Amino acid sequence: MIWVNQVVQGVLLGGYYALLACGLSLMFGVMRIINLAHGALAVLGAFLVFVLAKHGLSPWVALVVVLPVMGVAGWALQRVILERSLRAGELTPLLATFGLLIVISNLLFEKFGADERSLFPYIGTLGYDSWTITKQITIAKLYALIFVVAVALLGTLQLFLRHTQLGRALRATAEDPDTAELVGVNSSAVYAAAAAIAVATAALAGAFLGMRSSFNAYSGSDQLIFAFEAVVIGGIGSLWGTLAGGIVLGVAQNIGAQLNPQWFLLAGHVVFLAALALRLVLTGVGVRGGFRALVGEHA
Amino acid sequence: MTLLRIEELDVRHGFLSAVSGVTLDIAEGETVAIVGANGAGKTTLLRAIAGAHRPAAGRVLFDGKDITAVAAHRRVGMGIALVPEGRRLFGGLTLEENLLVAGRRRDGPWDVESVVEAFPLLGRRRKTRAVNLSGGEQQAAAIGRALMTNPRLLMLDEVSLGLAPAMVDAVYRSLRTLIEGGATIVLVEQDLTRALSVAGRVVCMLEGEVVIDAPAEQTTRAQVVDAYFGLRRTA
């Protein structure tokens, strides 16, 4: 029964990872940018919610303010920094987002210091409310909420990509930006929209991180790694794949922790490496074609 | 009335000059065939008109306005459409999505229903992903996608390339319907006989320059073939 509980907890954690990862996946899928600042942007979102919560706003109300603000920030990030760096070649955006990660983390450190913060005190009893299913399985209401929000968000994104004009433009641009321009799609506007969605979802994930545990100015890098692992396990270009990847990662971490309390992170990394190796074998490209295999059919 | 005017256009790929000093006027309602050997600059010329390549020198005027600096997606909104070489459909999108992504750029008669009516072979494939369409279906879809923008000027690059002859006939039948409907069409075609059969005017390019520009009925195959290979050039 204790194992069933670990799987259940792992699935719920996976929802959080999927939420964190979907923006990373979207930005890579559409503009081929691996946004190394993704985790830092999530933490920035968490800090913004934290500041508003400290001023007496409910974190939920704060999110209504923070998410659009972060969306605009994502839009500006694409227009001001990434669009220019994309023109300079494939590696430049990687360097640009790496620089951004450092800038954001250190600015947060400058402003908030090294203290661990949490949104836990601001969400009332939701932080520890739970449903007792059996003696050994309890489900925290907050974790369940995060999972439901993640699934709903991924579903909404999927519907948006399938059934709206902007969604179709996004998918067309992801496949062939040159031809998308020739049928009238403004690719830089599409890119900016993708970045806005990605950064807003990152901020939402950051707020949930703050509610379920704690964060500090440098938490972004850890979150980036979890997001990256979820994306790679699930395969890029599919939102449901990202959810599956997040769940696999979460379950692996929880089962690892059950085997040995120190194996939480280790088990996640091992599963990530195993998924990576499996993909290399399945695509038959060998280690030298590694990056191409890693990022799937798109590259 | 002149719809498209190209003045002294130079287009380069890096150090390679692909189009040099091309001047061309295309009137509303005309059908112009551009012929020439591989590497003569035909595709580059079309892409420069569509805005996918920035010219190094010269001007492109559309409907009297200088559009040389206008981005490709905005030219679509002005009524310029290109069916690119190799069709270039969005493979992961369904046929219908490929059409819809190009839609609503301008007012006009073309929408998904009228495109499917004009290309009956597409009717049953609307929900099929573009990668799974046959070559002929893909070409029809690519033309349909360009029509969805309700263009005033439709440019087609090598529409018969890689298609079975029966398929090429079908594509040209639909083109003829368009031409009779008064559309302005520029087509790049390797098949000289077909080009001369639909076009009112033939432009032959050689090494980036226009060497023949004459009405189709006054142009013989032999003349074009000579110009095509540059046989009379440095005599």
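First to last, the protein sequences are chains V and S. For reference, each letter of the first sequence is one residue, going 1 to 299 in our numbering. For reference, each letter of the second sequence is one residue, going 1001 to 1235 in our numbering. In this text, a Cβ means the ideal position worked out from N, Cα and C, and glycines have one as well. Note that the structure is a prediction, hence the values are computed from the model and not measured.
Handout entry: Neighbour list for residue 1090 of chain S in chain V, Cβ cutoff strictly below 8 Å
Key = 171, 172, 175, 176, 179, 180
Problem - residue 1191 of chain S, enclosing beta strand (DSSP E) - first and last residue - result: Counting along the chain, residue 1191 of chain S falls outside any beta strand (DSSP E), and DSSP gives it neither H nor E.
Exercise for the section: Express the C-alpha separation of residue 252 of chain V and residue 1137 of chain S in angstroms, rounding to a whole number. Expected result: 46 Å
Handout entry: Exposed unless 16 or more other CB atoms sit within 10 angstroms - verdict on residue 1169 of chain S
Key = exposed
Handout entry: Sequence ranges, beta strand (DSSP E) only - wholly within the stretch 104-174 of chain V, length at least 3
Key = 130-132, 138-140
Exercise for the section: Any chance you could list the beta strand (DSSP E) runs of at least 3 consecutive residues sitting entirely within the stretch 1050-1099 of chain S, in chain order? Expected result: 1057-1062, 1080-1083
Exercise for the section: Could you pull out every unbroken alpha helix (DSSP H) segment of at least 4 residues lying fully inside the stretch 243-293 of chain V, listed in chain order? Expected result: 264-283
Handout entry: Min CB distance residue 168 of chain V to chain S below 8 Å
Key = Yes, its Cβ sits closer than 8 Å to a Cβ of chain S.
Practice task
Using 10 angstroms around the beta-carbon of residue 246 of chain V, count the other beta-carbons present and answer buried if the total reaches 16, otherwise exposed.
Solution key: buried
Problem - For residue 1109 of chain S and residue 1123 of chain S, the rounded distance between their alpha carbons - result: Rounded to the nearest angstrom, the two C-alpha atoms are 18 Å apart.
Exercise for the section: Could you please tell me which residues of the stretch 181-205 of chain V, in chain order, have their CB closer than 8 Å to any CB of chain S? Expected result: Flagged, chain order: 181, 182, 183, 184, 185, 186, 187.
Practice task
For the alpha helix (DSSP H) containing residue 201 of chain V, list its first residue and its last residue.
Solution key: Counting along the chain, the unbroken alpha helix (DSSP H) around residue 201 of chain V starts and ends at 187-212.
Exercise for the section: Taking a Cβ distance cut-off of 9 Å, strictly less, list which residues of the stretch 1124-1150 of chain S are near chain V, in chain order. Expected result: 1145, 1146, 1148, 1149
Handout entry: Span of the alpha helix (DSSP H), counted from its first residue to its last, around residue 2 of chain V
Key = 2-31
Problem - Buried versus exposed, by CB contacts within 10 Å (16 or more), residue 1101 of chain S - result: buried
Problem - Identity of the residue in V/9, V/47, V/136 nearest residue 300 of chain V by Cα - result: In the structure as shown, chain V begins at 1 and stops at 299. Residue 300 of chain V is therefore absent and cannot be evaluated.
Exercise for the section: Give a yes or no on whether the C-beta atoms belonging to residue 49 of chain V and residue 207 of chain V are separated by under 8 Å. Expected result: yes
Practice task
Determine the burial state of residue 143 of chain V: buried for a count of at least 16 other Cβ atoms within 10 Å of its Cβ, exposed for fewer.
Solution key: Around the beta carbon of residue 143 of chain V, a 10 Å sphere encloses 16 or more other beta carbons of the protein chains shown; the residue is thus reported as buried.
Exercise for the section: In the DSSP assignment, find the unbroken beta strand (DSSP E) run with residue 1016 of chain S in it and report its ends. Expected result: 1016-1027
Practice task
Could you tell me which of S/1119, S/1011, S/1037 sits nearest to residue 1188 of chain S, measuring between CA atoms?
Solution key: Measuring C-alpha to C-alpha distances from residue 1188 of chain S to each of S/1119, S/1011, S/1037 identifies S/1037 as the nearest.
Exercise for the section: Enumerate in chain order the residues of its own chain whose CB-to-CB distance from residue 297 of chain V is below 7 Å, with the five nearest sequence positions on each side excluded. Expected result: Here residue 297 of chain V scores only 46 on pLDDT, less than 50, and its place in the model should not be relied on; the value that follows carries that caveat. Correct list: empty, nothing qualifies.
Exercise for the section: Tell me whether residue 236 of chain V sits in a helix, a strand or coil according to DSSP, three-state version. Expected result: coil
Exercise for the section: Check the Cβ-Cβ distances between residue 1097 of chain S and every residue of chain V, and say whether any is below 8 Å. Expected result: yes
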